[in-house]
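Each residue of the sequence shown is one higher than the one before, counting from 1375 in the numbering used here.
Using N, Cα and C, we set each Cβ at its ideal position, and we do this for glycine too.
In what follows, a single structure is set out as structure tokens and then discussed.
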Amino acid sequence: PSPSRRSRSRSRSRSKSPKRSPAKKARKTPKKRRATGGAKKPSTLSMIVAAIQAMKNRKGSSVQAIRKYILANNKGINTSRLGSAMKLAFAKGLKSGVLVRPKTSAGASGATGSFRVGKAPSSPKKKAKKAKSPKKKSSKKSSNKSNN
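Here it is, written out as structure tokens:
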């Protein structure tokens, strides 16, 4: 027999082997991952805001300067992922109003140009409603009268 062809007798013997009952798999309860006790690292957006505030540049801070500041002042940051994380954070910050582009880089798009910290979106404070005093229920008329 050639090595490329399987012998038929061999495949038949496999199919005639006694069938085993399917073993019931013991279901394991999924283990919940516990959060580590260490402090969480700040979000990229919060690091960007802190960097811009620390630089105190009136015309806004450039992306390169922000990146340099973040790498210098925050330990344990994956430098290869920082660029893409910053792009997402800039987009999120611009959309929410946390970050604003100065007039000098108004035409820029994406993670280019300069950024400033926007005015915090001040939510209008709702006036506390006075608690309404519960009205006294009028006494129900007795239904002793017969309905004719």
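Residue nearest to LYS1466 within the set SER1479, VAL1423, MET1429 and GLY1450 is VAL1423 (criterion: CA-CA distance).
Spanning the alpha carbons of THR1478 and MET1429 requires a straight line of approximately 17 Å. If you look at SER1488, you'll find it in the beta strand (DSSP E) that goes 1488 to 1491.
Residue ranges of uninterrupted alpha helix (DSSP H) with 4 or more members, entirely inside the region 1409 to 1463 and ordered along the chain, are 1418 to 1429 and 1437 to 1447. Here ALA1463 has THR1418, LEU1419 and ILE1422 as same chain residues with Cβ atoms under 6 Å from its own Cβ, once five neighbours each way along the sequence are excluded. Counting the other Cβ atoms within 10 Å of the Cβ of ALA1480 gives fewer than 16, which makes it exposed. Restricting attention to GLY1450, LEU1468 and GLY1492, the CA atom closest to the CA of SER1483 is found in LEU1468.
Going by C-alpha positions, LYS1442 is about 15 Å away from SER1458. When the beta-carbon positions are compared, SER1470 and SER1436 stay at least 8 Å from each other.
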